[in-house]
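> Input: one structure, supplied below.
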Amino acid sequence: MSVQPSALYPYVYRFLVDCKFKKLAKDFKDLSKSKIPDANHPTLLSLYESWLQTNQTKKCDNVVKKTQAKKRNSDPKSSSESEDSSDEDEAVPPNKAQKLVKKESSDSSEDSSDDSSDEEISVKVPPVKKVAPPAKKQEESSSSEEESDSSEEEDDEPPVTKKPMAVVQKKPTKSSSEDSSDSSEEEVKQPPKKTVTPKATKKPVPVKAKPESSSDDESSSEEDPSEDEKMEVDKPITKPKAKVEAVKPPAVVASTDSDDSDDEDSSDEEEAPKKKVLTKSTNSKPPAKATPVKKSESSDDSDSSDDSDDSSGEGKEEAPAKPAPVKNVVKQTAAAESSSSSEEESSDEDSSEDEGAKKKPATKKAAIPPPASYDTKPTKPAASKKPVAIVKGLPKSMDSSDSSASTSDESSDSSEDEVPAPPKNTSKSAPKKAESSSSESSSDDDSSSEEEKQKTKATKALTNGNLSVIKTPKAKSTPKAATKSAVKRKDVSASNTPVPSKKAKKGKANDSVSEMTPVSTPVSTNKTPTSGKKSDKKSAPNTPFRRVNDDEIEVNYKFSSNSFETKNDSWGKAAYDTLKHTKGKSFRHEKTKKKRGSYRGGNIDSNTVNSIRFDSD
Amino acid sequence: MVEPHRHSGVFIARGKEDALVTKNLVPGDTVYGEKKIEVENDGSKIEYRAWNPFRSKLAAAILGGIESIHMKPGAKVLYLGAASGTTVSHVSDIVGPEGLVYAVEFSHRSGRDLINVAKKRTNIIPIIEDARHPHKYRMLVGMVDTIFADVAQPDQVRIVALNAHNFLKNTGHFVISIKASCIDSTAKPEAVFASEVKKMQGEKMKPQEQMTLEPYERDHAVVVGIYRPPPKNKNK
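Going down the list, the sequences are from chains A and B. 1 is the number of the first residue of the first sequence in UniProt numbering; add one for each residue after it. 1 is the number of the first residue of the second sequence in UniProt numbering; add one for each residue after it.
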């Protein structure tokens with residue numbers, strides 16, 4: 001969870017340049033070795049602006065909790081994941097988190113996100129600590145929706161159990177992430193998926209976020225579901241929407257993004273802890289699954305996008321699913337999600353945790369997995385809304401499936417569609433962290449707001465909403481960035497995915513451990529694959545690989561010059577005179593002529609010794 | 001007229017333009033199209049081959065004024081990075097019929113030429129193997145007096161050390177040509193050489209002298225040292 005100040009360097013540098021402190025900026029650049037951020041990236045001012053907004057919207061308490069949770073490090077990440085899961089209710093928090101992350105390398109962003117998305121954070125924290133759950137719920141409910149509360153309550157029960165599951169899941173998740181990519185077996189998955197999905201999603205989410213921006217998408221999708229859920233539950237209540245809307249711009253973006261980013265960061269840094277956290281938040285699970293898949297698999301990008309789509313679809317579906325009538329829809333959505341989740345679940349299931357976790361998750365899952373669980377267990381209220389929600393969920397699921405398919409094929413391709421666009425944003429934000437975070441967050445916010453609206457109106461908006469979100473000022477940069485990120489992701493995922501997948505099971509624990517120590521490092525590593533730029537930024541302290549560091553090698557004054565002048569070679573003098581002016585191609589040309597034997601050096605003195613002896617001799 | 005060089009086995013052909021030459025082990029045969037110089041001495045003809053310092057780093061070291069190459073007639077030399085065998089052929093001239101040259105080259109393409117050279121020069125034992133794995137050719141190589149290395153690999157000191165541990169006699173010598181850009185092209189050559197020398201010192205290889213290969217090679221240096229020197233008397 002440690003903050004990486006280096007992540008901010010590019011923005012500070014840009015800020016200095018914007019302020020026309022050229023000399024200062026240059027010095028700063030030299031000292032920090034920071035890279036110049038893309039023009040599309042948000043500026044320090046915009047980041048600060050969004051942070052202020054999020055701050056206002058969210059309660060101080062939330063912030064405090066978030067900060068605490070973040071400080072806890074890996075736990076925070078896991079908590080963030082859990083938050084994400086819980087965040088379904090609150091999609092906004094992730095955005096905030098993303099923004100925050102972007103602003104700050106990771107920790108700071110998380111903190112800010114925490115502030116913005118107190119609910120998420122609070123939720124996360126509790127799971128980690130186990131103490132906070134109620135507070136989280138409250139926060140969530142306050143931040144956004146009553147539904148979230150209900151879901152949270154459900155979730156709350158499981159949290160304790162979730163933790164263990166989460167841990168187990170984490171390992172499985174990696175494998176599951178791959179499974180999730182398979183996504184298309186939802187039928188079986190639905191029941192198990194729900195339980196599994198939450199876990200898997202949680203785990204993956206962090207991973208996704210870190211490695212890829214896709215996590216953002218997921219988070220957004222999560223948010224959507226949460227919103228949907230809220231909407232479903234609260235639909236009658238106009239407050240949720242208003243709240244959401246109000247929150248969305250600042251809080252939503254920050255919260256969703258932040259959650260995602262947090263999750264990602266946390267997951268990257270501390271997979272194990274994250275896993276625990278993940279268990280806490282069922283909602284976050286679906287997204288998490290998607291994220292892990294991305295990380296682990298080459299298809300991560302597509303998976304992530306799929307996941308996001310799925311998650312969004314799930315979220316939508318979930319809302320309908322809760323009602324009970326939605327079951328079919330839920331299944332579909334579940335299938336989409338479950339494909340990943342189910343796969344994950346299968347892995348999870350394999351692990352003993354899954355069983356226990358599943359049961360618990362089922363209760364917890366309410367928000368995310370709920371769809372399936374609801375279907376089987378129509379426990380959720382909001383029947384009145386259910387039909388609508390179902391309808392929405394179906395369309396969404398359709399969209400999600402389409403988007404997912406497109407995304408799977410190519411995240412960039414898919415990005416064209418509404419669904420893809422959000423993922424892109426998220427993906428971009430993740431890699432770009434600071435830059436895209438704002439845009440992503442905005443997109444997330446928009447999406448969340450849109451989702452809310454849609455939920456109230458219909459699910460149709462989702463895609464449109466996403467698009468609109470993208471269009472929104474904050475989002476402006478996102479589309480391009482998203483496409484870029486998508487492309488990057490693809491590449492990265494392709495190259496990276498195999499390794500992650502391999503590592504997935506084993507690596508998760510190891511990775512988590514390794515990541516744990518350097519919280520920032522994990523994020524950077526994840527980012528690196530997704531986007532070299534970000535990684536570079538993180539590694540601002542990064543130095544190019546060198547076998548020999550000029551500064552560290554002490555060169556004896558006797559050997560301080562390798563030039564011809566240091567020796568008395570009369571025969572080679574003529575060659576030196578012609579070659580000393582040459583370079584590159586001309587040097588090669590001149591030397592080739594001498595290789596032919598046409599060189600005449602004059603007299604050879606066989607008794608001169610020009611070598612430099614070492615001291616010991 | 002040809003006169004011997006300070007390094008035994010190496011000669012200088014005097015004339016309008018002096019040239020570095022070695023006594024051809026296989027009269028009438030050229031290895032890579034080099035010039036032949038025939039000298040009639042007491043009714044018998046002796047053939048020498050010109051040795052171009054722009055094509056051979058060992059020749060560049062000799063012309064540049066290295067103090068000792070530790071190769072003389074009758075010596076056994078392990079030559080790492082033999083390539084096509086052009087320099088190896090001159091080393092085989094230097095060590096003569098009493099000496100031996102174990103020529104290690106990993107590239108099969110170059111190794112083919114090397115084997116063709118070895119076919120006519122019986123004191124060359126070609127070994128087409130990776131010099132990183134001396135155990136693969138340990139059955140072919142006996143103890144040697146000198147190791148010459150021109151492998152241009154980032155870990156070349158390690159490679160030389162591995163072979164020295166296996167085949168180089170105590171107080172034997174090594175001659176290493178270092179191409180700075182093969183170690184680290186971003187660092188200053190002098191720093192690269194210093195770091196390589198430091199590595200040698202950690203492998204019981206005591207460097208004795210270093211010399212630039214300018215103007216024959218760019219950013220190259222040759223380091224000559226002794227392996228497992230006696231406590232007091234470091235020199236051969």
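A virtual CB, placed ideally from N, CA and C, is assigned to each residue, including glycine.
Mind checking arginine 135 of chain B: buried by the 16 CB within 10 Å criterion, or exposed?
Mapped onto the second sequence, residue 135 of chain B falls at position 135. Before going on, a small fix: residue 135 of chain B reads as histidine here, not arginine. When all chains shown are included, histidine 135 of chain B counts as exposed.
> Just to make sure I have the definition right: I need the residues of chain A whose C-beta is within less than 8 Å of the C-beta of glutamate 17 of chain B. Which are they?
Here residue 17 of chain B is taken as the residue at index 17 of the second sequence, counted from 1. The answer, in chain order, is Arg600, Gly601, Gly602.
> Quick one: what does DSSP say glutamine 208 of chain B is sitting in, helix, strand or coil?
The sequence position of residue 208 of chain B within the second sequence is 208, counting from 1. It is a strand residue.
> Quick check: the Cα distance between lysine 179 of chain B and alanine 187 of chain B, rounded to an integer number of angstroms?
Residue 179 of chain B sits at position 179 when you count from the first residue of the second sequence. Residue 187 of chain B sits at position 187 when you count from the first residue of the second sequence. Their Cα atoms are separated by approximately 12 Å.
> Which of the three DSSP states, helix, strand or coil, is assigned to asparagine 466 of chain A?
The residue you call residue 466 of chain A lines up with position 466 of the first sequence. For asparagine 466 of chain A, the predicted model reports a pLDDT of 43, less than 50, meaning its position is unreliable; a value from the coordinates is still stated below. If DSSP states are grouped into helix, strand and coil, asparagine 466 of chain A belongs with the helices.
> How would you label histidine 70 of chain B, buried or exposed, when you count the other beta carbons within 10 angstroms and need 16 or more for buried?
Taking the second sequence and counting its residues from 1, the one referred to as residue 70 of chain B is at position 70. By the 10 Å Cβ count, histidine 70 of chain B comes out buried.
> Along the beta strand (DSSP E) that carries isoleucine 37 of chain B, what are the first and last residues, could you check?
Here residue 37 of chain B is taken as the residue at index 37 of the second sequence, counted from 1. Start and end: 36-41.
> Using three-state DSSP, classify glycine 111 of chain B as helix, strand or coil.
Locating residue 111 of chain B in the second sequence gives position 111, where the first residue counts as 1. Correct three-state label for glycine 111 of chain B: helix.
> Comparing C-alpha positions only, which one of B:Pro229, B:Pro231, B:Lys232, B:Gly225 sits nearest to isoleucine 612 of chain A?
Indexing the first sequence from 1 puts residue 612 of chain A at position 612. Taking only the C-alpha atoms, the option nearest isoleucine 612 of chain A is B:Gly225.
> Report yes or no: do three or more beta-carbon pairs, one from the segment 122-129 of chain B and one from the segment 88-108 of chain B, lie closer than 8 Å?
Counting Cβ pairs under 8 Å, three or more are found: they touch.
> Would you check if the segment 67-85 of chain B and the segment 45-55 of chain B touch, i.e. whether three or more CB-CB distances between them fall below 8 Å?
Result no; under three Cβ-Cβ pairs closer than 8 Å.
> Could you list the residues in the segment 180-193 of chain B with a C-beta less than 9 Å from some C-beta on chain A, going in chain order?
Residues Ala180, Ile183, Asp184, Thr186, Ala187, Lys188, Pro189, Glu190, Ala191, Val192, Phe193.
> Where does the unbroken beta strand (DSSP E) through asparagine 170 of chain B begin, and where does it stop?
Position 170 of the second sequence, counting from 1, holds the residue named residue 170 of chain B. That run of the beta strand (DSSP E) goes 168-179.
> Output, in sequence order along the chain, the residues in the segment 128-153 of chain B whose CB is closer than 7 Å to any CB in chain A.
Residues: none.
> Compare the C-alpha of threonine 146 of chain B against each of B:Asp29, B:Asn166, B:Glu196 and name the closest.
For the purposes of this step, residue 146 of chain B is taken as the residue at position 146 of the second sequence. That would be B:Asn166, whose Cα lies nearest to the Cα of threonine 146 of chain B.
> For the segment 137-145 of chain B against the segment 153-168 of chain B, are there 3 or more C-beta pairs whose distance is under 8 Å?
Touching, yes, given that three or more Cβ pairs across the two stretches are closer than 8 Å.
> Suppose the cutoff is 6 Å on Cβ atoms and the five residues either side in sequence are ignored; what does the same chain contact list for proline 207 of chain B look like?
Translated into positions along the second sequence, residue 207 of chain B becomes position 207. These residues qualify, in order along the chain: Val197, Met200, Val223, Gly225.
> Do tyrosine 32 of chain B and valine 39 of chain B have their CB atoms nearer than 8 Å?
By 1-based counting over the second sequence, the position of residue 32 of chain B is 32. By 1-based counting over the second sequence, the position of residue 39 of chain B is 39. No. Outside cutoff.
> Looking only at its chain, what residues have a beta carbon closer than 7 Å to the beta carbon of phenylalanine 11 of chain B, apart from the 5 residues adjacent to it on each side?
Translated into positions along the second sequence, residue 11 of chain B becomes position 11. Excluding positions up to five away in sequence, the list reads Val2, Glu3, Pro4, His5, Val21, Thr22, Lys23, Tyr48.
> Counting only C-beta atoms, is aspartate 536 of chain A closer than 8 Å to chain B at any point?
Counting from 1 along the first sequence, the entry for residue 536 of chain A is found at position 536. The predicted model places aspartate 536 of chain A with a pLDDT of 49, which falls under 50 and marks its position as unreliable, so this point remains unresolved.
> Could you have a look at histidine 7 of chain B and say whether DSSP puts it in helix, strand or coil?
Translated into positions along the second sequence, residue 7 of chain B becomes position 7. Correct three-state label for histidine 7 of chain B: coil.
> Who are the near neighbours of cysteine 182 of chain B in its chain, counting only those whose CB is closer than 8 Å to its CB and skipping five residues on each side?
Here residue 182 of chain B corresponds to residue number 182 of the second sequence, with the count starting at 1. For cysteine 182 of chain B, where only same-chain residues beyond five positions count, the Cβ hits under 8 Å are Ala152, Gln153, Pro154, Gln156.
> What did DSSP end up calling proline 230 of chain B once you bin it into helix, strand or coil?
Mapped onto the second sequence, residue 230 of chain B falls at position 230. Reduced to three states, the DSSP call for proline 230 of chain B is coil.
> For leucine 140 of chain B versus isoleucine 127 of chain B, is the C-beta spacing smaller than 8 Å?
Position 140 of the second sequence, counted from the start, is the residue given in the question as residue 140 of chain B. Position 127 of the second sequence, counted from the start, is the residue given in the question as residue 127 of chain B. Cβ atoms of leucine 140 of chain B and isoleucine 127 of chain B: closer than 8 Å.
> Does proline 207 of chain B come within less than 8 Å of chain D when only Cβ atoms are used?
The displayed structure is made up of protein chains A and B, and chain D is not among them.
> Output yes if chain A places a C-beta closer than 8 Å to the C-beta of glycine 9 of chain B; else output no.
Position 9 of the second sequence, counted from the start, is the residue given in the question as residue 9 of chain B. Not an interface residue.
> Helix, strand or coil for serine 44 of chain B, going by three-state DSSP, please let me know.
Against the second sequence, residue 44 of chain B aligns to sequence position 44. Residue state, collapsed to three classes: strand.
> Classify threonine 146 of chain B as helix, strand or coil using the three-state DSSP reduction.
Against the second sequence, residue 146 of chain B aligns to sequence position 146. Strand at threonine 146 of chain B.
> For arginine 109 of chain B and glutamate 34 of chain B, I'd like the C-alpha separation in whole angstroms.
Translated into positions along the second sequence, residue 109 of chain B becomes position 109. Translated into positions along the second sequence, residue 34 of chain B becomes position 34. Rounded to whole angstroms, arginine 109 of chain B to glutamate 34 of chain B spans 21 Å at the Cα level.
> Do you know how far the Cα of serine 8 of chain B is from the Cα of residue 622 of chain A?
Beyond the ends of chain A as shown, which are 1 and 617, falls residue 622 of chain A; an answer cannot be given.
> Measure the alpha-carbon distance for valine 609 of chain A versus isoleucine 66 of chain B and round it to whole angstroms.
Your numbering for residue 609 of chain A matches position 609 in the first sequence. Your numbering for residue 66 of chain B matches position 66 in the second sequence. Cα-Cα distance, rounded: 6 Å.
> Threonine 212 of chain B and serine 563 of chain A - do their beta-carbons sit closer together than 8 Å?
Translated into positions along the first sequence, residue 563 of chain A becomes position 563. Translated into positions along the second sequence, residue 212 of chain B becomes position 212. Going by C-beta atoms, serine 563 of chain A is nearer than 8 Å to threonine 212 of chain B.
> In terms of residues, what are the limits of the beta strand (DSSP E) holding isoleucine 124 of chain B?
As a working note, residue 124 of chain B is residue 124 in the second sequence. 124-127 is the span of the beta strand (DSSP E), which, as asked, contains isoleucine 124 of chain B.
> Does glutamine 210 of chain B come within less than 8 Å of chain A when only Cβ atoms are used?
Taking the second sequence and counting its residues from 1, one reaches residue 210 of chain B at position 210. Closer than 8 Å: yes.
> Does any CB atom of chain B fall closer than 8 Å to the CB of glycine 572 of chain A?
Mapped onto the first sequence, residue 572 of chain A falls at position 572. Yes, glycine 572 of chain A lies at the interface with chain B (some Cβ there is under 8 Å from its Cβ).
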